[in-house]
Structure formats: C-alpha cells, structure tokens
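>
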Amino acid sequence: MPGGKVYLMLVLVLAAGLLAGCTQEKQVEKPAAEAEQPAEQPEEIKIGVLLPLSGNLAPFGEGMLKGARVAEKELNDAGGVLGAKVTLVVEDTATDPAKAVEAAQKLINVDGVRAIVGAAASSSTLAVAPICEENRVVLVSPASTSPLVTDAGDYIFRVVASDTLQGKVLAELALAENYTKAATFVINNDYGIGLQDVFTRSFEDAGGRVVLQIQYEPGRGDYRTELQQLRDSEAEVVMFVSYPEDASVILRQAMELGVEQQWIAAEGIASEEMFSYAGMKEAMEGMLLTKPASATDSPEYQHFYRLFKEMYPGEEPGIYADTTYDATMMIAKAIEAAGAYDGEKIKEALYEISKGYRGATGDKTFDENGDIIYQDYVVLKATNGTFVEVGTWKQGRLIME
94 MPGGKVYLML VLVLAAGLLA GCTQEKQVEK PAAEAEQPAE QPEEIKIGVL LPLSGNLAPF
154 GEGMLKGARV AEKELNDAGG VLGAKVTLVV EDTATDPAKA VEAAQKLINV DGVRAIVGAA
214 ASSSTLAVAP ICEENRVVLV SPASTSPLVT DAGDYIFRVV ASDTLQGKVL AELALAENYT
274 KAATFVINND YGIGLQDVFT RSFEDAGGRV VLQIQYEPGR GDYRTELQQL RDSEAEVVMF
334 VSYPEDASVI LRQAMELGVE QQWIAAEGIA SEEMFSYAGM KEAMEGMLLT KPASATDSPE
394 YQHFYRLFKE MYPGEEPGIY ADTTYDATMM IAKAIEAAGA YDGEKIKEAL YEISKGYRGA
454 TGDKTFDENG DIIYQDYVVL KATNGTFVEV GTWKQGRLIM E
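If you want it as structure tokens, here you go:
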C-alpha cells in the first residue's frame with residue numbers, strides 16, 4: 094500500500110538521522126579526551142638559589158654556590174630533568190633577612206621558580222618561609238639549623254640537623270673537657286639564640302652551670318664591653334656562635350683584652366676562611382669547634398668530590414658546599430619523580446624520594462616536619478692556622494682522640 098511505503102521511508106530516514114547524530118556525538122568526544130592528556134612540560138626547569146654572596150656569610154655563600162653548580166652540571170650532562178635543561182637562578186641574601194625576602198619574591202614572582210635551594214642563615218630562611226608557604230614553593234635549606242625552622246611550614250625542608258642536636262653536642266664537649274661553669278656569647282638572631290637555649294638546657298641538665306649569657310648585635314665593630322664582662326666572670330668556657338666577619342673582630346679584641354677562657358664554637362666559623370682575617374691564627378689557637386660531619390668515605394661523597402675537583406681544580410669544597418649539592422640534587426629528583434614542575438607535587442615527591450636517600454652528606458630521610466632524622470658531628474681544633482679533627486659525635490656518643 095502506498096501509505097505503508099511512505100511510512101517505511103520516514104522510519105528509515107529518522108533511523109539514519111539518529112545514527113548520524115550518534116556518530117557526530119562520538120566525534121565530539123574525541124577532542125575532549127585529547128584535552129585530558131598531560132600538559133606539555135617546560136623547556137627549562139628553573140631552580141632558585143638563595144645564598145649569602147655578600148655580607149657576613151659571604152665566605153660560606155660563595156663555596157655553597159659552587160656545590161649547587163656541581164649539581165647543575167651533573168644534571169644537565171645526564172639529560173636534565175623531565176627532558177628539560179636545569180637552570181639555577183641565583184639571588185644574594187647579603188646575610189640580611191630583609192634582602193632575603195626581596196630576593197625570594199623576585200625568584201617566585203618574576204622568575205617563576207617552584208623550588209628554591211636556600212637560605213643559609215636561619216634568620217633568612219625563617220623570613221622567606223611564609224612567602225614560600227603562601228605561594229606553594231618548596232624551600233630546601235642546606236645550612237639553616239635553628240630549631241624554629243622545624244615548624245616553619247609544610248613546604249620548608251633542610252638537609253642539615255636542627256641545633257637541638259648540635260647544642261647538645263657542644264654541651265657534652267664542654268663537660269668532657271671538665272668545665273662546669275660556662276658563658277654563652279652568641280649573635281642576636283635565630284641561629285644564635287636557638288643554640289644558646291639548647292646548650293644552656295643541656296649543660297645544666299648534666300650538672301653544669303651557665304653563669305653568663307651575652308647576645309651581641311652584628312656589625313658593631315667594638316665588643317670590648319661585653320668581652321670585659323666575660324673576662325671578669327666565673328666562666329671557665331665560652332660557647333660561641335658567630336659569623337666570620339664579626340668573629341674576626343670579637344676574637345681579636347678578646348686576645349687584646351686578655352680573655353683566657355676556653356672557646357668552644359659552633360660551625361658558623363668552622364671554615365678555613367677564618368684564618369684569612371688578620372690575627373686569627375693567634376686568636377683562634379686552641380679553640381674547639383663542632384660542625385656537621387660529611388660521609389667523606391662514602392661512594393656518594395667521593396662522587397661529589399670528584400665532580401667538584403673537575404669543575405674547580407686546585408680548590409677544596411668549603412663548609413656546606415656538599416649539603417648545597419645534596420639540596421639541589423634532591424629538588425631535581427623530586428621534580429622528576431613528580432612528573433611536573435609544580436610546587437605541591439614537588440613537596441609530596443620530596444618526602445617519598447628522601448626515604449633512604451644517600452647524599453654526599455649521608456642519609457637525608459625527612460621526618461614529617463621536613464627535618465632530616467639524624468646527623469653526625471666532628472670536633473675540630475684550631476692548630477697553627479688550620480683545623481684538625483680531634484673527635485666525633487656518632488650515634489649519640491662523643492669520642493675524643
């Protein structure tokens with residue numbers, strides 16, 4: 094019947110239209126699926142470096158930067174990170190927290206870095222920590238030891254131990270040398286006050302007595318009033334926390350004033366650079382110092398040392414050059430593991446890659462606060478214009494030679 098044929102034709106047309114619609118719908122889905130593919134990786138991986146290249150800690154900062162440069166070359170020689178070249182973007186803190194803040198803001202807002210190696214001084218690290226937290230930028234310090242860094246934020250890490258450990262080592266050293274009355278003479282910043290508090294608590298808990306506490310203002314140039322107070326006190330030993338420029342003035346004036354107490358110093362001046370200052374060979378003679386130990390006999394340290402000597406023939410790695418190398422390498426490995434140049438993902442990856450990680454300076458496993466779990470120390474003695482190792486602190490035990 095004609096009407097039936099027309100009806101059949103209409104049904105066929107409608108079915109064809111529906112089939113076409115389904116086909117078009119599937120064709121529309123394809124670009125949406127493609128849009129979900131991972132974003133294209135950057136052509137360059139920038140890692141910020143925030144170090145004291147001028148000011149009181151300049152002698153340390155210059156050597157630390159060389160450690161970062163060794164890592165940069167090693168990474169690029171191996172093909173970079175995520176297939177991209179690694180570029181260090183370097184800024185100077187000038188050993189000044191305010192300038193450190195300016196430098197960090199520039200690295201984050203202008204250069205667009207998502208991870209930073211730095212800072213060195215604890216006061217600088219603590220000053221820039223809130224900026225890194227706010228912008229979700231990872232900060233790995235190679236040298237900041239203040240106990241306050243532990244609670245500085247989720248994005249803040251360090252590859253050196255807190256001074257809650259070094260303060261105890263200094264106290265044990267003073268007691269091992271049979272001193273029972275101590276003074277503290279420390280720089281008035283987070284680094285100095287933190288060590289003073291831990292040393293005092295540890296020394297007095299073990300039966301000693303801290304009879305005098307002096308916090309000095311950096312850069313003043315004349316500390317004779319404080320040194321006379323120290324000279325005339327009951328103290329037998331002085332726990333000293335300083336940076337090279339101030340220390341060179343304080344120790345020279347102490348020698349001139351006839352201060353006879355034994356000096357025991359933290360790692361802030363445990364650098365051969367100290368002997369380049371006038372009068373330091375004589376003023377530092379017999380001083381004892383503590384500093385974090387490097388695993389110099391390990392394959393990891395020997396690898397770093399060989400690369401350093403290839404880049405800087407005739408030079409030796411200065412204090413914290415190796416930890417700066419470790420901090421830079423760990424950031425790069427975290428970016429690779431994260432698969433993205435993203436601060437939050439780098440932070441999460443850092444915790445994972447740190448588990449059992451062996452760097453040039455030993456085990457770098459982070460706890461939940463971004464602190465390394467353990468650190469050994471060496472005891473040095475200033476002797477005839479150089480430092481000689483005279484003891485170690487390992488597994489909670491001080492061993493003097």
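Start counting the sequence shown at 94; every next residue gets the next number (our numbering).
Even for Gly, the Cβ is constructed at its ideal location relative to N, Cα and C.
Look up I209 in the DSSP assignment and give the residues it is bridged to.
In the DSSP output, where bridge partners are listed per residue, I209 has G141, L232.
> Tell me which residue opens and which closes the beta strand (DSSP E) that Q308 is part of.
Note, Q308: beta strand (DSSP E), 302-309.
> Between the beta-carbon of S364 and the beta-carbon of P235, is there less than 8 Å?
In this structure, P235 does not lie closer than 8 Å to S364 by Cβ.
> Since I believe D244 is in contact with G287 (beta carbons under 8 Å), could you give me their beta-carbon distance rounded to a whole number of angstroms?
That pair is no contact at about 12 Å.
> Within the same chain, show all residues whose beta-carbon is closer than 8 Å to that of L241, passing over the 5 residues directly before and after it, in chain order.
Correct list, in chain order: S215, L219, D283, G287.
> Per DSSP, what are the beta-bridge partners of M493 in this structure?
The partner list for M493 (beta bridge, DSSP) reads G484.
> Leaving aside the five residues before and after N477 along the sequence, list all residues of the same chain whose C-beta is less than 8 Å from its C-beta, in chain order.
Contacts found: K374, E378.
> Looking only at DSSP bridge pairs, what is M332 linked to?
BP columns for M332 point to T277, I357.
> On a Cα-Cα basis, can you pick out the residue from F333, F368, Y370, V203 that is closest to Q354?
Of F333, F368, Y370, V203, the residue nearest in Cα terms is F333.
> Given that a residue counts as buried once 16 or more other Cβ atoms are within 10 Å of its Cβ, and exposed if not, what is M493?
Exposed, by the Cβ-count rule.
> Does DSSP classify P385 as helix, strand or coil?
Strand.
> Report the three-state DSSP secondary structure of D433 (helix, strand or coil).
Sequence check: residue 433 is Ala here, not Asp. In this structure, A433 counts as coil in the three-state DSSP scheme.
> For Q468 versus P410, is the C-beta distance shorter than 8 Å?
No.
> Does the Cβ-Cβ distance between A213 and Y418 come in under 8 Å?
Not a contact, by the Cβ cut-off of 8 Å.
> Considering just the uninterrupted stretch of the alpha helix (DSSP H) at F292, what are its terminal residues?
Where F292 is concerned, the enclosing alpha helix (DSSP H) stretches over 283-298.
> Return the chain-ordered list of same chain residues with a C-beta closer than 6 Å to the C-beta of M348, the five sequence neighbours on each side being excluded.
Only A376 meet the Cβ criterion.
> Taking F368 as the reference, give the member of A475, N169, V352, V142 with the closest Cα.
Taking only the C-alpha atoms, the option nearest F368 is A475.
> From the DSSP secondary-structure annotation, give me the bridge partner or partners of V471.
Answer is K384, T485.
> Is the Cβ-Cβ distance between V142 and L158 less than 8 Å?
Yes, the Cβ-Cβ distance between V142 and L158 is below 8 Å.
> Let me know the secondary structure DSSP gives K426 once reduced to three states.
The answer is helix: DSSP assigns K426 an H, G or I state.
> Name the residue from A359, A222, D170, Y370 whose alpha carbon lies nearest to the alpha carbon of D247.
Answer by Cα proximity: A222.
> Tell me which same chain residues have a C-beta within less than 6 Å of the C-beta of F401, skipping the five on either side of it?
Same-chain partners within the cutoff: V163, P410.
> From the DSSP output, read off the bridge partner residues of E184.
According to DSSP, E184 bridges with L143.
> At which residues does the beta strand (DSSP E) containing I249 begin and terminate?
249-251 is the span of the beta strand (DSSP E), which, as asked, contains I249.
> Is V203 buried or exposed, if buried means 16 or more other CB atoms sit within 10 Å of its CB?
Exposed.
> Just checking, does the segment 388-405 make contact with the segment 441-459 on the three C-beta pairs under 8 Å criterion?
A contact exists between the segment 388-405 and the segment 441-459.
> Run through DSSP, which three-state label would T476 get?
The answer is strand: DSSP assigns T476 an E or B state.
> Rounded to a whole number of angstroms, what is the C-alpha to C-alpha distance between I307 and K261?
C-alpha separation (whole angstroms): 19 Å.
> G312 to E338, Cα distance in whole Å?
Their backbone Cα atoms lie some 8 Å apart in a straight line.
> Alpha carbons only, please: which of G172, I140, G314 is nearest the one belonging to T421?
The shortest Cα separation from T421 among G172, I140, G314 belongs to I140.
> Just verifying my parser: in three-state terms, what is the DSSP assignment at R399?
It is helical.
> Taking its Cβ as the centre, do 16 or more other Cβ atoms sit within 10 Å of V481, making it buried, or is it exposed?
Exposed, because fewer than 16 other Cβ atoms sit within 10 Å of the Cβ of V481.
> DSSP state of K178, grouped into three classes?
Note: K178 maps to strand in three-state DSSP.
> By the 10 Å Cβ neighbour count, where 16 or more other Cβ atoms means buried, how is K440 classified, buried or exposed?
The residue in question, K440, is buried, as its Cβ has 16 or more Cβ neighbours within 10 Å.
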